[in-house]
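Enquirer: So our numbering is basically just the index in the sequence shown, starting at one, shifted up by 1. Glycine residues also receive a C-beta, built at the ideal position from the N, C-alpha and C atoms. Computed from a prediction, not measured in an experiment: that's the story for all the values here.
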Amino acid sequence: MHGSSHAVLFLLLSCAPESMMQSSRTIPKSGSFFRTYPSIFMDTVTERSDYERERGKPLPSLNHGQIQFLISGALHSYREKYTIASELTIELGDRHVTPDVCVYPKMEVDYQRDVTRMTEPPLLAVEIVSPTQSTQDVVDKINDMLDAGVESCWLVQPAMETVTIYTPDAKPHTVPEGTVEDPATDIEVEISAIFDA
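#1: Between the region 98 to 108 and the region 119 to 137, do three or more beta carbon pairs fall short of 8 angstroms?
#2: Rounded to whole angstroms, what is the Cα-Cα separation between VAL176 and ASP145?
#3: Could you tell me the boundaries of the alpha helix (DSSP H) in which GLY71 lies?
#4: ILE195 and ILE85 look like a contact to me (Cβ under 8 angstroms); what is the Cβ gap, rounded to whole Å?
#5: Entirely within the region 104 to 151 and at least 3 residues each: give me those beta strand (DSSP E) ranges in chain order.
#6: By how many angstroms is the C-alpha of ALA171 removed from the C-alpha of ARG80?
#7: Taking C-alpha atoms, which residue in ILE143, THR163, SER193, GLU178 lies nearest to VAL98?
#8: Just to confirm, is the Cβ distance from VAL157 to VAL164 under 8 angstroms?
#9: Check whether the Cβ atoms of TRP155 and GLU128 sit closer than 8 angstroms, and answer yes or no.
#10: Helix, strand or coil for ALA171? Go by DSSP, reduced to three states.
#11: By DSSP, does ILE166 sit in helix, in strand, or in coil?
If you want it as structure tokens, here you go:
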């Protein structure tokens with residue numbers, strides 16, 4: 002009986018359209034024979050879950066990646082005063098977060114001994130809203146970071162082309178145009194440098 006089950010599986014896989022093998026969206030949600038063989042049909046789903054679980058954020062998009070690149074470039078002129086890193090995981094008690102961009106006081110870089118997680122909060126953390134994220138989820142994450150000692154957070158909303166600055170002791174301040182002036186670091190970045198690709 003065991004051998005015949007494998008024969009049926011082989012026959013089904015041989016006849017399955019190529020689109021079924023390539024797209025995770027074709028996976029039946031419940032009551033399916035294929036659910037007993039997740040390693041064959043769910044590589045894409047597993048990969049996404051691992052990414053989200055490790056970084057606490059969804060997979061980035063094209064616009065997200067472009068804006069992250071532009072922000073990092075705009076901060077490049079501050080590299081002598083600050084250490085600027087992207088996708089650096091920070092430990093907040095028993096939770097880990099991975100902001101899109103972090104700004105720390107200047108640190109000496111040792112390429113022989115790398116660091117994968119920081120225990121000290123950055124001065125500034127930048128979060129770019131992805132298409133699959135709700136703004137409230139990102140705001141909740143920002144509030145957690147502020148509670149953990151981050152001095153300033155930027156909420157970047159690509160669809161609105163705005164940056165909102167969050168600090169522990171002041172109301173959020175949204176910048177739709179002109180210059181983003183960060184109170185914790187005195188960093189200044191033009192809105193046009195972030196959104197005008």
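Expert: So, from the listed chains and residues:
#1: yes
#2: Counted from its first residue, the sequence shown places residue 176 at position 175. Counted from its first residue, the sequence shown places residue 145 at position 144. Those two C-alpha atoms are separated by around 22 angstroms.
#3: What you label residue 71 is simply residue 70 of the sequence shown in a count that begins at 1. In the sequence on display, residue 71 carries Leu and not Gly. 63 to 75 is the span of the alpha helix (DSSP H), which, as asked, contains LEU71.
#4: In the sequence shown, the residue the question calls residue 195 occupies position 194. In the sequence shown, the residue the question calls residue 85 occupies position 84. Their Cβ separation, rounded to whole angstroms, is 15 angstroms, which puts ILE195 and ILE85 out of contact at 8 angstroms.
#5: 125 to 129
#6: In the sequence shown, the residue the question calls residue 80 occupies position 79. In the sequence shown, the residue the question calls residue 171 occupies position 170. Near 27 angstroms, if we compare the C-alpha coordinates of ALA171 and ARG80.
#7: By one-based count along the sequence shown, residue 98 stands at place 97. Considering only alpha carbons, the answer is ILE143.
#8: As a position in the sequence shown, residue 157 is number 156, starting the count at 1. As a position in the sequence shown, residue 164 is number 163, starting the count at 1. Yes, the Cβ-Cβ distance between VAL157 and VAL164 is below 8 angstroms.
#9: Counted from its first residue, the sequence shown places residue 155 at position 154. Counted from its first residue, the sequence shown places residue 128 at position 127. It is a contact, given that the beta carbons lie within the stated cut-off.
#10: The residue you call residue 171 lines up with position 170 of the sequence shown. Three-state result, ALA171: strand.
#11: Taking the sequence shown and counting its residues from 1, the one referred to as residue 166 is at position 165. DSSP places ILE166 in strand when its eight states are reduced to three.
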